[in-house]
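The structure under discussion appears below in the form of structure tokens.
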Amino acid sequence: MLGSGRVILDRLFEKRLLVLSGKGGVGKSITGAALALAASERGKRTLLVEVDAAREAARYLEAADSGGAVSEARSNLFTVNLRPQTVMDEYVRHVVRVDMLSRRILDNPIYKRFFAAAPGLKELMVLGKIMVLEEETQGWARTPRFDLVILDAPATGHGLSFLKVPMAATEAVPIGPIGANARRILTLLRDPRRTALVVVAIPEEMAVVEAAWFHRLATQEIGIACAATVLNAAYERRFTNDEEAEVLRLCAAGATGRLSRDADLGPALDAARRQIRRRKMTVFYEKRLRRDIAAPLVCLPYLFRDGIGPDALRLLVQRFEAA
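Here this note's numbering is used: the first residue of the sequence shown is 832, the next is one more, and so on.
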């Protein structure tokens, strides 16, 4: 389906907010960085948002960590790593406005204990900050500061509860500023013109099961529209059918010998057999995802590299374009 990837990217980049989630370890951060790079190179001012990340995705762009503030990683591409405590402190300063009073609140141990213990407060504050960033304008014309915000949301289990917090807050606190902000956040998440979900998985059982589970609950219970599924770390075909059959025949026969002066046949056959097995697993799980999630699917290749940089991200961008 040549060109379908361009349609997928076009549809994704029509949104204002993309929410990425998936099981831990499936490469959400790399996928988010690749999407951010693609959008920025199309001329969109793009912000990649992470939540309390131990290692920031800015490293894939060969840029410095954000330090908790919006930071320009390259032309049109900005990153920020939102720390819940920092976001809450910023909110207190915004509401109180008087510096002396805000410092007294922030230094109070009761405030710190309350923030640590209050259920859902961290998530609500972070989502509120993301909403502010999505709505932020600049200049006399009040144009949006960012054309696209890409949220690398927490992994599936925590990610679902993270996104459901505005629903709980709306029901628990129907009046007042907290309830009003929760309703605004929920409206943003449920607006298919502004927001879309991107579910990320790898060709492994638990990752695919969690992807389908998360998609079902996020769409049915929260009301976020899913725009795409990404099967990351996909093993691609390297042998023809005849070559695969020959590799498996030689493995079954316990073939020995040498491929060259420096390469034994046995380990080479083992590596080829693992590649064939992984490719077949990729095909199997790709079919599962297509069956379980009614959204366009993009396969991104397993990158056999020690480190991920802009060149590797551009390879992933190309696969998005030509999926």
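By construction, the Cβ of each residue, glycine as well, lies at the ideal position given by its N, Cα and C atoms.
Because the structure is a prediction, the values reported are computed rather than measured.
{"query": "Count the other C-beta atoms from every protein chain shown that fall within 10 angstroms of the C-beta of G959, then say buried if there are 16 or more, exposed otherwise.", "result": "buried"}
{"query": "Go ahead and label A1011 buried or exposed: buried means 16 or more other beta carbons lie within 10 angstroms of its beta carbon, across all protein chains shown.", "result": "exposed"}
{"query": "I'd like to know whether the C-beta atoms of L1079 and R1104 end up nearer to each other than 8 Å.", "result": "yes"}
{"query": "Could you work out which residue in G874, A888, F844 is closest to K859 when comparing CA atoms only?", "result": "A888"}
{"query": "Per DSSP, what kind of secondary structure is F844 in: helix, strand or coil?", "result": "coil"}
{"query": "Quick check: what's the CA-CA separation for L937 versus A1065?", "result": "47 Å"}
{"query": "Could you tell me the alpha carbon to alpha carbon distance between Q969 and S933, rounded to whole angstroms?", "result": "27 Å"}
{"query": "Assuming V1031 and T862 are in contact, meaning their beta carbons sit under 8 Å apart, how far apart are those beta carbons, in whole angstroms?", "result": "5 Å"}
{"query": "Measuring only the C-alpha atoms, how far is A865 from R1089?", "result": "40 Å"}
{"query": "Taking D920 as the reference, which of G899, E1067, F909, A904 has the closest Cα?", "result": "G899"}
{"query": "Nearest-angstrom Cα distance between Y1133 and A1143?", "result": "11 Å"}
{"query": "Since I1055 and V838 are thought to touch, with beta carbons under 8 Å apart, how far apart are those beta carbons, to the nearest angstrom?", "result": "Between V838 and I1055 the Cβ distance is about 21 Å, and since that is not below 8 Å, they are no contact."}
{"query": "Mapping the DSSP letters down to three states, classify D983 as helix, strand or coil.", "result": "strand"}
{"query": "Is the beta carbon of Y1066 within less than 7 Å of some heavy atom of the ligand PLP?", "result": "Here there are no bound small molecules, and the ligand PLP is not part of this structure."}
{"query": "Please list the terminal residues of the continuous alpha helix (DSSP H) segment that includes S902.", "result": "Run containing S902: none in the alpha helix (DSSP H); it sits in the beta strand (DSSP E), 902-905."}
{"query": "Among A986, D883, A1059, which one has its Cα closest to the Cα of A1027?", "result": "A1059"}
{"query": "With DSSP run on the structure shown, which of helix, strand or coil describes D930?", "result": "helix"}
{"query": "Expressed to the nearest angstrom, what Euclidean distance is found between the alpha-carbon atoms of P1127 and R1121?", "result": "8 Å"}
{"query": "Do the region 873-883 and the region 903-919 meet, that is, are 3 or more Cβ pairs less than 8 Å apart?", "result": "yes"}
{"query": "What are the boundary residues of the alpha helix (DSSP H) that P1008 is part of?", "result": "1007-1021"}
{"query": "Mapping the DSSP letters down to three states, classify R1089 as helix, strand or coil.", "result": "strand"}
{"query": "How should S1091 be labelled, buried or exposed, when 16 other C-beta atoms within 10 angstroms of its C-beta is the threshold for buried?", "result": "exposed"}
{"query": "Under the three-state reduction of DSSP, which class applies to L851: helix, strand or coil?", "result": "strand"}
{"query": "At the level of alpha carbons, what is the spacing between V1029 and L1062?", "result": "11 Å"}
{"query": "Measuring CA to CA, which of D1101, L892, K943, L848 is closest to D978?", "result": "L848"}
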